[in-house]
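Shown next, in structure tokens, is the structure this report addresses.
Protein chains: 2
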Amino acid sequence: MMMYKPLSLFMAIAFSTAACFAQSDNFKPAVTNFPGKQYPQVNAEGRVRASIAAPEANKVQLDIGGKKYDMVKDEKGVWTGESLPQDEGFHYYQLNIDGVPVPDPGSLYFYGAGRWGSGIEIPAADQGFFALKDVPHGLVSENIYFSKLTGLWRRCFVYTPPGYEKDTKTRYPVLYLQHGSFEDETGWSRQGHANLILDNLIAAGKAVPMIIVMDNGYALKPNAEVTDSKASPESIFEQVMINEIIPMIDGKFRTVADRAHRAIAGLSMGANQTMRIIMNNLDKFSALGAFSGTSNYPSTDVIDPARFLDGKFNDAAAINKQLRVLFLGLGTKEPNPFPGSVGAFRNMLDKQGIKHVFYESPGTAHEWLTWRRDLEQFAQLLFKK
Amino acid sequence: MMMYKPLSLFMAIAFSTAACFAQSDNFKPAVTNFPGKQYPQVNAEGRVRASIAAPEANKVQLDIGGKKYDMVKDEKGVWTGESLPQDEGFHYYQLNIDGVPVPDPGSLYFYGAGRWGSGIEIPAADQGFFALKDVPHGLVSENIYFSKLTGLWRRCFVYTPPGYEKDTKTRYPVLYLQHGSFEDETGWSRQGHANLILDNLIAAGKAVPMIIVMDNGYALKPNAEVTDSKASPESIFEQVMINEIIPMIDGKFRTVADRAHRAIAGLSMGANQTMRIIMNNLDKFSALGAFSGTSNYPSTDVIDPARFLDGKFNDAAAINKQLRVLFLGLGTKEPNPFPGSVGAFRNMLDKQGIKHVFYESPGTAHEWLTWRRDLEQFAQLLFKK
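Going down the list, the protein sequences come from chains A and B.
First residue of the first sequence: 524, per this note's numbering; consecutive thereafter.
First residue of the second sequence: 524, per this note's numbering; consecutive thereafter.
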């Protein structure tokens, strides 16, 4: 913060960006910073200001929201620059030092966009629902297992609710919760704060205590070419979920191992995957949450229920009986094709008379604040008598 | 690997480093790489080769083992360079791009040296003892708690052994295991593989199933100046351990809550801390592991037991009765003052006739391979009838 005044003065004079800086007061270190680091910072408008010492560099940029912002070097060799206002929520970003994209040493690192790198939280008015509060906290456990189907060791994170360790008699329902494209099993607890969202809901009596299993949606046959597409013919995630993950979880944790007490949800790619998985396995699950995605993605065409997913949505009466919860979520600022694609799916449901809940996250895009809000809404609907 | 031949040829011609490259065959991607990344690589000599595309950069260096190695740019703008042979074990490193130290995008990130950054494993002949094997695996749980003494939320990772979840009757002994200076509660599971070491020992019947608690050794009074020194008068880690961490763990997990079933160990700064903690609280613990550190650090002077730690080691008979295990570990390649400091402590123990076990890790320095081996040795001595 000490650097702000002289620097802004210097830049205002040197580059007549006074207007920009006039409205850029109240920059504060981001909550996603490495503890004690002053940069990056965020202001009330959601502008992101980055700063890094690079006396020998020729060009340093802040790369956020699909845009590169040139940073400016001061007399001490410290480069500083800021972005246009960003939507509230969580954004991956990086710095470019003489053209090389690198993580910002000031930020904590998150796995997304296919790499471990920087992320920044633009504060939202409703951030309390995923905040660390003085309520009982569950545990998030790293669970390693060997997958015969993929020939690899895999990992999932398992949330067990407050009281799970002490009350060894109780058995719990399970939500299987999937990440999106170019993300992994760390996303829902690190970026998503799924554990804190449930801790807060359970403390408020708004959600049933449940186990949440967060696994990795990428699963390929041994020696298959690596691909990021869940649509790949090589993908065997559904088989891994049904034949390996669920039996392992039911064997290791105190679950209620029936369809009535098993839900599945995912975001984006994970929504597409989980919708296919549940419709192929309605004997295993009774609730679906599709956050910012549906299995007709990326198409926005009218859906013919007789043919979509081999007619899995054709018998509305049967689906209304089997699916206790069919939840769809979408941010109001999501880019194409998400609104059109999810919209086409909703139109099909309405035409068919298939009951569902649609939640719109106000002012958020295709990012984690949308998905945290989806989870908070969805979790309250699950496993109710 | 495809890049290797033309690059070495180019460099050999341009810089007559042929000799260096002649002995640099068989480079393989490091096990600590981000999955799928080809660089950094390690060869049989322990040389580290880094590579990064930086067409616009003027100078790129590999910074490892306290030495910066200039990397060389090829016609495609890819910089590559290699280090002198490194000791086997785990080493933090970074790249310098036009003078800016940044993590290597090819490596996974670890918390050490006060930052999240790159680390690389130089393979050791005995690496099997901390390898991921087809044996039953315990869980590593992230446990969040509020500390009234520090006024902050804190976190520890808790290893529960295989079977803990299923067999809800059994209670387990507990090892409190501390990291070193500029490291944190993530170190023992990420760099140290404490969970895998115990999984392997327990599967082989060499160690008693136990809970391991890995907390953060930095604990200050509210509003105290941040410091890295455990010797700081502000440090209240001992009070946090005794009054907050132990009661929380005994309340939340199925422990045997008595001194006979409670051990404490740490590395470097953590060894210094845990030795002070156990000698001030012999009613709470019955075993100590001091890995690459003792409480006389950094002094190498002869220790007067009547005055050292207020005479805590003065009554040899009482200590031999109370300490079921007093374990000291040191790598044969550790720098000063560790050999002299630990040596002075051992001399005091011998003069006093205080029973102890001293383990020397062959060929390793002040790093994680030494400490993994210490843990493997130490864990086998704990909680035996």
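Ideal Cβ positions, reconstructed from N, Cα and C, are used throughout, including at glycine.
For the structure I just gave you, are there three or more beta carbon pairs, one from the segment 706-715 of chain B and one from the segment 680-694 of chain A, closer than 8 Å? They do not touch, by the three-pair rule.
For a contact defined as C-beta to C-beta under 8 Å, what are the partners of residue 639 of chain B on chain A? Those are 557, 631 and 632, listed as they occur along chain A.
Could you check the C-alpha separation between residue 607 of chain A and residue 810 of chain A for me, to the nearest Å? Just so you know, the alpha carbons of residue 607 of chain A and residue 810 of chain A end up roughly 40 Å apart.
Where residue 701 of chain A falls: helix, strand or coil (DSSP): Residue 701 of chain A: strand per DSSP, three-state reduction.
Best match in B:757, B:851, B:874 and B:744 for proximity to residue 673 of chain B [C-alpha to C-alpha]: Closest by alpha carbon: B:744.
Identify every residue that forms a DSSP beta bridge with residue 605 of chain A. The partner list for residue 605 of chain A (beta bridge, DSSP) reads A:572.
Which residues, in chain order, does the segment 684-706 of chain B contribute to contact with chain A at a C-beta distance below 9 Å? Taking a C-beta cut-off of 9 Å against chain A, the contacting residues of the segment 684-706 of chain B are 688, 689, 691 and 692, listed in chain order.
Straight-line gap, residue 957 of chain A to residue 615 of chain A (C-alpha atoms, nearest Å): With chain A represented from 524 up to 908, any question about residue 957 of chain A goes unanswered, as that position is not in the structure.
Going by DSSP, what residues sit across from residue 787 of chain A in a beta bridge? Residue 787 of chain A is bridged to A:699 and A:811.
Proximity test, Cβ basis, 8 Å: residue 667 of chain B and chain A: Residue-level contact check: residue 667 of chain B touches chain A, since one or more beta carbons of chain A fall below 8 Å from its beta carbon.
Which residue comes first and which comes last in the beta strand (DSSP E) that contains residue 677 of chain B? That run of the beta strand (DSSP E) goes 675-683.
So which of B:579, B:582, B:580 and B:587 has the shortest CA-CA distance to residue 563 of chain B? Minimum Cα distance to residue 563 of chain B is reached at B:587.
Quick check: residue 899 of chain A and residue 720 of chain A, are their CB atoms within less than 8 Å of each other? Yes.
When you compare only the Cα positions, how much space is there between residue 797 of chain A and residue 589 of chain A? Cα to Cα, the separation comes out at about 28 Å.
Is there at least one Cβ from chain A nearer than 8 Å to residue 908 of chain B's Cβ? So, not an interface residue.
In chain order, which alpha helix (DSSP H) runs of at least 4 residues are fully inside the segment 825-862 of chain B? Counting whole runs of 4 or more residues, the segment 825-862 of chain B contains the alpha helix (DSSP H) stretches 839-845.
Alpha carbon of residue 862 of chain A to alpha carbon of residue 853 of chain A, nearest angstrom: Roughly 7 Å between the two C-alpha positions.
Proximal residues of chain A, C-beta to C-beta of residue 577 of chain B below 9 Å: Going along chain A in sequence order, the residues near residue 577 of chain B (Cβ under 9 Å) are 620, 621, 622 and 623.
Spatial neighbours of residue 759 of chain A within its chain, please: CB distance less than 8 Å, with the 5 preceding and 5 following residues excluded, ordered by chain position. In the same chain as residue 759 of chain A, and ignoring 5 residues on each side of it, the C-beta atoms closer than 8 Å to its own belong to 672, 673, 742, 743 and 744, in chain order.
Chain-order list of residues whose beta-carbon lies under 6 Å from that of residue 653 of chain B (same chain, five-residue window excluded): Contacts found: 716, 719, 720 and 895.
Name the chain B residues that come within less than 8 Å of residue 663 of chain A, Cβ to Cβ? Chain order gives the chain B residues near residue 663 of chain A as 664 and 665, where near means a beta carbon separation below 8 Å.
Am I right that residue 708 of chain A and residue 679 of chain A are in contact with their C-beta atoms under 8 Å? What's the rounded C-beta distance? Indeed, because the Cβ distance is near 6 Å, the residues count as touching under 8 Å.
Could you check if residue 548 of chain B is buried or exposed, using at least 16 other CB atoms within 10 Å of its CB as the buried criterion? By the neighbour-count rule (16 or more Cβ atoms within 10 Å), residue 548 of chain B is not buried but exposed.
Starting from the N-terminal side, write out each stretch of the beta strand (DSSP E) that is 3 residues or longer and does not extend beyond the segment 722-772 of chain B. DSSP assignment within the segment 722-772 of chain B yields the following whole beta strand (DSSP E) runs of 3 residues or more, N-terminal first: 734-737.
Which partner residues does residue 583 of chain B have in the DSSP bridge list? Residue pairing for residue 583 of chain B: DSSP places it in a beta bridge opposite B:620.
Please report the residue range of the beta strand (DSSP E) in which residue 593 of chain B lies. For residue 593 of chain B, the enclosing beta strand (DSSP E) begins and ends at 590-593.
What residues match up with residue 645 of chain B in a beta bridge as DSSP calls it? The partner list for residue 645 of chain B (beta bridge, DSSP) reads B:612.
Alpha carbon to alpha carbon, how far is residue 628 of chain B from residue 848 of chain A? Give it in angstroms, no decimals. Taking the straight line from one Cα to the other gives about 42 Å.
Which residues of chain A have a Cβ atom closer than 7 Å to the Cβ of residue 657 of chain B, listed in chain order? Correct list: 669.
Span of the alpha helix (DSSP H) around residue 712 of chain A: For residue 712 of chain A, the uninterrupted alpha helix (DSSP H) segment begins and ends at 710-713.
Excluding the five sequence neighbours on either side, which residues of its own chain have a C-beta within less than 8 Å of the C-beta of residue 579 of chain A, listed in chain order? Excluding residues within five positions, the ones whose Cβ falls inside 8 Å are 600.
Roughly how many whole angstroms lie between the Cα atoms of residue 865 of chain A and residue 610 of chain A? Their backbone Cα atoms lie some 21 Å apart in a straight line.
8 Å Cβ cut-off: residues of chain A touching residue 776 of chain B: The CB of residue 776 of chain B comes closer than 8 Å to the CB of 688 in chain A, given here in chain order.
Is the segment 636-656 of chain A close to the segment 721-729 of chain A, with three or more CB pairs under 8 Å? Counting Cβ pairs under 8 Å, three or more are found: they touch.
Under 8 Å between C-beta atoms of residue 555 of chain B and residue 665 of chain B: Their beta carbons are not under 8 Å apart, which means residue 555 of chain B does not touch residue 665 of chain B by this criterion.
Using a Cβ-Cβ distance cut-off of 8 Å, determine whether residue 899 of chain A contacts chain B. With a threshold of 8 Å between beta carbons, residue 899 of chain A makes no contact with chain B.
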